[in-house]
Amino acid sequence: MRERNLFPFFDTPYQGFASGDLDEDMWPVRYFAEVRGLEIIVAQSLAKVMGLYNERVGALTVVLNDSLDVETVRTRLQVIVRGTYCSPPAHGAVIALRILSDPFNFQEW
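With full-length UniProt numbering applied, the sequence shown closes on residue 109, and no number is skipped along the way.
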């Protein structure tokens with residue numbers, strides 16, 4: 001990856017569907033970030049795995065090696081997001097929070 005100057009971008013809309021385990025399905029992400037020490041971007045969608053289609057529930061995670069780059073990346077992402085949508089709907093995020101933060105709900109899910 002480094003030799004070819006490539007930047008890994010992972011899109012994970014079906015986390016947990018491959019193995020049945022959320023953590024196990026993220027091994028490629030951890031491998032590139034932790035083992036290889038590469039900077040990466042991960043787009044993680046919960047809309048499909050939680051059945052919240054049309055709710056736009058998810059996160060964008062950026063793993064950087066240099067803390068000095070954090071503010072620059074954050075500022076640029078804020079400009080992109082602000083130009084895409086000003087106030088995203090919160091309904092799906094509230095449902096996801098209730099499921100992911102409660103041990104019983106998480107186990108049932």
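For every residue, glycine included, the Cβ atom is placed at its ideal position computed from N, Cα and C.
Residue i (DSSP reduced to helix, strand or coil)
{"i": "F17", "result": "coil"}
{"i": "G37", "result": "coil"}
{"i": "G92", "result": "helix"}
{"i": "L64", "result": "coil"}
{"i": "L109", "result": "Residue identity check: residue 109 is Trp in the sequence provided, not Leu. In the structure shown, W109 sits in coil (DSSP, three-state: anything other than H, G, I, E or B)."}
{"i": "D102", "result": "coil"}
{"i": "D69", "result": "helix"}
{"i": "Y53", "result": "coil"}
{"i": "M26", "result": "helix"}
{"i": "F32", "result": "helix"}
{"i": "L77", "result": "helix"}
Selection from the options that minimises the alpha carbon distance to residue i
{"i": "F10", "options": "F106, I41, V62", "result": "I41"}
8 Å Cβ cutoff met for residue i and residue j
{"i": "V57", "j": "A96", "result": "yes"}
{"i": "A47", "j": "E39", "result": "no"}
{"i": "M26", "j": "I99", "result": "no"}
Opposing strand residues paired with residue i [DSSP bridges]
{"i": "T12", "result": "Q44"}
{"i": "G58", "result": "S45"}
Integer Cβ distance of residue i from residue j, believed to fall under 8 Å
{"i": "L60", "j": "A33", "result": "Incorrect: roughly 14 Å between the Cβ atoms, too far for contact."}
{"i": "P13", "j": "S45", "result": "4 Å"}
{"i": "G37", "j": "N5", "result": "At roughly 15 Å, the Cβ-Cβ gap does not stay under 8 Å, so G37 and N5 are not in contact."}
{"i": "Q73", "j": "V62", "result": "First, the residue type needs correcting, since residue 73 is Val and not Gln in the sequence shown. Confirmed, Cβ separation roughly 6 Å."}
{"i": "L52", "j": "G92", "result": "5 Å"}
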